[in-house]
Amino acid sequence: MPKTPIHLWIIGIVSLLWNAGGAMDYVMTKTNAADYLAAQPEARLLLLEGAPGWFSVTWAVGVWFSVFGSLLLLLRSRYAGSAFALSLLGLIGSSIYTYGMADGGSMLATAGTMAVVFTFAIPLILIALWLYARAMTKAGVLR
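Spelled out as structure tokens, the structure:
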């Protein structure tokens, strides 16, 4: 087995911190943390309030499998790529509701630059992590 490259540790740690942000958002939203929700845009709260149950499932899959993927990278597990792929499916599912069924697009129009940046960064980073994990598996770094 090849020696663990330093970039795996860097990407694993940075991705875990990145995905912890999504996990924190999920937990704070689902536990109805008053101060956190008070800081959210009204449009987001309305979107979440009207969301069907399957949206919550796909959101949870997207968030938690990303966290698992990062942890599996750090554990050098070949299942990291599968975890990121499942997370991507969750993201697609939650995006279908947000941008296809609810009015998430108009919510973005009023949300500001950072919200738009995050909206595009999340899937791009997730795809990059999935491809990275697959490459590390093929290289024999993940076992």
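Going by my numbering, the first residue of the sequence shown is number 675, and it counts up by one from there. Glycine included, each C-beta is placed from N, C-alpha and C at the ideal position. These numbers were taken from a predicted model, which means no experiment stands behind them.
- A Cβ-Cβ contact shorter than 7 angstroms links G686 with L747.
- D699: member of the alpha helix (DSSP H) spanning I680 to K704, first to last residue.
- Cα atoms of W804 and V790: separation of roughly 22 angstroms, rounded to the nearest angstrom.
- Around the Cβ of F729, a 10 Å sphere holds 16 or more other Cβ atoms; the residue is buried.
- Taking C-beta separations shorter than 7 angstroms and ignoring five residues to either side along the sequence, the partners of G743 in its chain run A754, A757, F758, S761, L803 and A807, following chain order.
- For the alpha helix (DSSP H) assignment, the uninterrupted runs of no fewer than 4 residues enclosed by the segment 712 to 800 are, from N- to C-terminal side, 716 to 723, 727 to 748, 754 to 769 and 778 to 785.
- With distances taken between CA atoms, L722 lies nearest to M702 out of A813, M702, P679 and K812.
- Taking a 10 Å sphere around the C-beta of L682, we find 16 or more other C-beta atoms and assign the residue as buried.
- Taking the Cα positions, A795 is about 31 angstroms away from P676.
- For L711 against L719, the beta-carbon gap comes to about 7 angstroms, under 8 angstroms, which counts as contact.
- Taking C-beta atoms under 8 angstroms as the contact rule, G764 and F792 fail to qualify, at a distance of about 16 angstroms.
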